[in-house]
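K.L.:
The structure's right below; bear with me while I get my questions together.
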Amino acid sequence: MTKALVAEPQVRAQAPVTRRPGLFRRFARKPLPVVSALFLLLVIVACVCAPLLAPYPFDDTDYVNASSGPSGVHLLGTDTLGRDVLSRLLFGGVHTLLSAALTVAFAFVAGFPLGMLAGYRGGRWDRAIGWCTDGLLALPPTIFLLAVLAVFPHDLNIAMAVFGLLISPALAKVVRAVALGVRQEQYIDVARVSGLGDLHIVRAHVVSKLAGAVVVQLSLIGGVAILIGSGLDFLGLGPQPPTPTWGTMVSDAAESLHQHPWLLVPTGGVLALVVLALWFAGDGLRDSLAERWMGPPPSAARRRMPAPPAGPPTVPSGPEVFRLAGLTVGFERAGGVQPVVEDVALAIAAGEIVAVLGESGCGKSITARAAAGVLPPAAHVLSGTVTLDGTVHDARRGGRGMPRGNGVSVILQEPVAALDPSLPVGKILAGSIRRHTGAGRAEARALAAEVLDKVGMPDPESVLRRYPHELSGGMAQRVCIARALAGRPKVLIADEPTTALDVTVQAGILSLLRDRQAEDDLAILFVTHDWGVVADVATRCVVMYAGQVVETASVDELFTSPRHPYTRALLAANPTGGAPGERLATLPGRVPRPEEWPGGCRFSARCPLATPDCDAAPVPLVDLGGDRAVRCIRGEANV
């Protein structure tokens, strides 16, 4: 039944699916990183296989050819003692590269989890880890390394492991910065409300965004570790002769620089080339990882066919399943916490759509996000409870303990922003489905295709292979709805889900939501600023102004007999109600900012009926019986 809702997705779905090149192919298109990686691989393999590849033992001496240049017998010449330079480079590389690898490993093991925890969790974790990392960065690494070598003489491996711990805050800060930015993306909020756990979200959505930054940082740390380790060897603090390392070979070359300058070319040259190759390869790998989800935006020029009208709203058919009571939300400010939503209360029955309406800045979206437990980091619930299916939850806990995905789910305004750009649609949906059903990979993919078909998506198998940027706005919103419905929630919170869509696609999305409401007995909280949407889909409406509920009523009563002057002004400003040739009514002024809220009625400065009594004291929300309530001292008389 829902497949014919809108023809626009059908036109889009016929486009061929873009086959993305794999990581190896993307990396292979970059000449400098490829050459660098091949050089690194060649050096590592040659050093590891030194006993097989080296032409001479590292301590074998040829006094006849001492201090000689390149020749057929000694390809890179010999040192002052007649030892083969190529052989010593191969054997010495094992010690140098191993110590650098230890630094990278310890930096990653210590820095990555700390940075992830600080960035993803934030708050007290972020502050505590920030103090620790700042303290470590303040310590002088050279003094610590010398102290370690004094306790463990000539044991460069232990010293470089300690250096990895000392430099780990550099990686932790990079990981924290990226994780902090990713945590604030809409698709993370949607994943959390879909019922996915933090570990799954981090693994599926956050780590992929960190990969590029981590690769670059680790390559930088690796290069620095090679230089630091070689510097310690140069000073004679590493393995003692005759054991070769690149640092000791540079030291020997420096001592005989005037008599035998060639010796510095292969020893210092391989050190510099390996460090540069490591950095170039890391930078190229970072670019290749980033290209995984980059791509051209879909064309905006598409054929669209009109969608059928939404039809009359469905009368609620079940008992109350969701109640929000006493909700107060504040934002952190310089002087403390500033409330932006105060004492909001509403209830929704099974199979009912309740609209929340008001101008921008009235607190609609903050109320919806607080109910779903996905407020931005600077926002805090100061008080309030959420009752879901008879169970009361403290709203201050940010949704923890409240069923996600199968209890409450959410649809946000920007559909493409709510989808992880690095994952195809199939993986996005399968993650939610596996969380709630325990299905295997194959079964979850089949269920993902089924739920896409349920929301009217043509050719679901093709869509499952697409990435978010390859979808039109209407298709992306249908994917978001499919994900929200994957756990079969009792309550769906829709935060202006059609605002970013054109009128044709908007009508199809509204019809789809009404179908799901009627067939699944779904309770929907629908945030909007469009009277037409309210009339099409809602049975009751909550009008908000300056962080407060100013009127609640059934949609029919609200259109025919609004009680609050603000509701009347909004209805009068509705373009569909204006007569041709007449000037459209407007509402002068603006919604006051939270710090400008008056002590009395917050609408009094814009209200044509305001009297001194309106500003004398806070105006309560008065119950008028039935589903009606109004926050106005003239509410009962405003008929």
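Counted the way the UniProt record's numbering counts, the sequence shown spans residues 1 to 639. Think of the CB as a built atom: it goes at the ideal place given N, C-alpha and C, for glycine as much as any other residue. Bear in mind that the values here come from a model prediction, so they are computed numbers and not experimental data.
By how many angstroms is the C-alpha of Pro113 removed from the C-alpha of Pro312?
P.N.:
Here residue 312 refers to the residue found at position 312 when the sequence shown is read from its first residue. Here residue 113 refers to the residue found at position 113 when the sequence shown is read from its first residue. With a pLDDT of 46 at Pro312, under the threshold of 50, the modelled position of this residue cannot be trusted, and the question is left open.
K.L.:
Assuming Val206 and Ala179 make a contact with CB atoms under 8 Å, what is their CB distance in whole Å?
P.N.:
For the purposes of this step, residue 206 is taken as the residue at position 206 of the sequence shown. For the purposes of this step, residue 179 is taken as the residue at position 179 of the sequence shown. Correct: roughly 6 Å between the Cβ atoms.
K.L.:
Beta-carbon separation of Ile44 and Ala107 under 8 Å?
P.N.:
Start at 1 with the first residue of the sequence shown, and residue 44 comes out as number 44. Start at 1 with the first residue of the sequence shown, and residue 107 comes out as number 107. Contact flag unset, no.
K.L.:
Where DSSP assigns a beta bridge to Phe526, which residues make up the other side?
P.N.:
One-based indexing of the sequence shown puts residue 526 at position 526. Phe526 pairs with Ala355 and Ala494.
K.L.:
Note the first and the last residue of the continuous alpha helix (DSSP H) segment covering Gly625.
P.N.:
For this step, residue 625 is matched to residue 625 along the sequence shown. It is not in any alpha helix (DSSP H) - Gly625 instead sits in the beta strand (DSSP E) that spans Val622 to Gly625.
K.L.:
Rounded to whole angstroms, what is the Cα-Cα separation between Cys362 and Cys601?
P.N.:
Within the sequence shown, the letter at position 362 stands for residue 362. Within the sequence shown, the letter at position 601 stands for residue 601. Each residue's alpha carbon lies about 14 Å from the other.
K.L.:
Quick check: the segment 402-411 against the segment 345-364, are there 3 or more CB pairs under 8 Å?
P.N.:
No, the segment 402-411 is not in contact with the segment 345-364.
K.L.:
Give a yes or no on whether the C-beta atoms belonging to Ala372 and Val622 are separated by under 8 Å.
P.N.:
Sequence index remark: in the sequence shown, residue 372 carries index 372 (1-based). Sequence index remark: in the sequence shown, residue 622 carries index 622 (1-based). No. Outside cutoff.
K.L.:
At a cut of 8 Å, does the segment 214-231 reach the segment 90-103 through at least three beta carbon pairs?
P.N.:
These segments touch.
K.L.:
How is Glu450 classed by DSSP in three states: helix, strand or coil?
P.N.:
For the purposes of this step, residue 450 is identified with residue 450 of the sequence shown, where counting begins at 1. Note: Glu450 maps to helix in three-state DSSP.
K.L.:
Please return the same chain residues whose Cβ sits closer than 6 Å to the Cβ of Met294, not counting the five positions on each side in sequence.
P.N.:
Within the sequence shown, residue 294 is the residue found at index 294, counting from 1. Only weak support is given to the placement of Met294: the predicted model assigns it a pLDDT of 49, under 50, and the question is left unresolved by the model.
K.L.:
Note down, in chain order, each residue of its chain lying with its Cβ closer than 7 Å to the Cβ of Ala37, except the 5 sequence neighbours on either side.
P.N.:
Here residue 37 corresponds to residue number 37 of the sequence shown, with the count starting at 1. Correct list, in chain order: Ala281.
K.L.:
Where does residue 661 land, buried or exposed, given buried means 16+ other C-beta within 10 angstroms?
P.N.:
What is shown of the chain runs 1 to 639, which leaves residue 661 out entirely.
K.L.:
The alpha helix (DSSP H) with Ile633 in it runs from where to where?
P.N.:
As a first step, residue 633 must be located in the sequence shown, where it is residue number 633. Neither: Ile633 is in no alpha helix (DSSP H) and is coded neither H nor E.
K.L.:
Between the segment 409-424 and the segment 458-473, do at least 3 Cβ pairs fall closer than 8 Å?
P.N.:
Yes, the segment 409-424 is in contact with the segment 458-473.
K.L.:
How long is the line joining the alpha carbons of His564 and Val549, rounded to whole angstroms?
P.N.:
Locating residue 564 in the sequence shown gives position 564, where the first residue counts as 1. Locating residue 549 in the sequence shown gives position 549, where the first residue counts as 1. Approximately 11 Å, taken between the alpha carbons.
K.L.:
Quick one: Cα of Tyr566 to Cα of Thr611, how far?
P.N.:
If you number the sequence shown from 1, residue 566 lands on position 566. If you number the sequence shown from 1, residue 611 lands on position 611. Each residue's Cα considered, the two are about 15 Å apart.
K.L.:
With respect to the alpha helix (DSSP H) encompassing Asp287, which residues constitute its N-terminal and C-terminal limits?
P.N.:
Walking along the sequence shown from the start, residue 287 turns up at place 287. Asp287 -> alpha helix (DSSP H) spans Leu264 to Ala290.
K.L.:
Please work out which residues of its chain come closer than 8 Å, Cβ to Cβ, to Leu139, disregarding the five sequence neighbours upstream and downstream, and give them in chain order.
P.N.:
Locating residue 139 in the sequence shown gives position 139, where the first residue counts as 1. Cβ neighbours of Leu139 beyond the five flanking positions: Leu166.
K.L.:
For Tyr545, write down the residues that DSSP places opposite it in a beta bridge.
P.N.:
Along the sequence shown, one-based indexing puts residue 545 at 545. Its beta-bridge partners are Gln548.
K.L.:
Between the Cα of Thr142 and those of Val543, Gly111, Gly231 and Val85, spot the shortest distance and give me the residue it belongs to.
P.N.:
Within the sequence shown, residue 142 is the residue found at index 142, counting from 1. For the residues Val543, Gly111, Gly231 and Val85, the minimum Cα distance to Thr142 belongs to Gly231.
K.L.:
Mapping DSSP to helix, strand and coil, what is Ala350?
P.N.:
Here residue 350 is taken as the residue at index 350 of the sequence shown, counted from 1. Ala350 falls in the coil class under three-state DSSP.
K.L.:
Counting only runs of 3+ residues fully inside the segment 17-94, write out the beta strand (DSSP E) ranges in chain order.
P.N.:
Entirely contained in the segment 17-94, not one beta strand (DSSP E) run reaches 3 residues.
K.L.:
Out of His74, Glu551, Arg400 and Arg176, point me to the one whose CA is closest to Gly626's CA.
P.N.:
In the sequence shown, the residue the question calls residue 626 occupies position 626. Residue Glu551 is the option with its Cα nearest to Gly626.
K.L.:
Going by Cα to Cα distance, which pick from Asp79, Gly22, Pro31 and Phe91 is closest to Pro51?
P.N.:
Taking the sequence shown and counting its residues from 1, one reaches residue 51 at position 51. It is Phe91.
K.L.:
Thinking Ser432 and Gly238 are a contact (beta carbons under 8 Å), I'd like their distance in whole angstroms, please.
P.N.:
The sequence position of residue 432 within the sequence shown is 432, counting from 1. The sequence position of residue 238 within the sequence shown is 238, counting from 1. Not quite, the Cβ-Cβ distance comes to about 53 Å (not below 8 Å), so this is no contact.
K.L.:
Quick check on the DSSP output: the beta strand (DSSP E) that includes His380 runs from which residue to which?
P.N.:
Reading the sequence shown from its first residue, position 380 is the one you call residue 380. Here the beta strand (DSSP E) through His380 covers Ala379 to Leu388.
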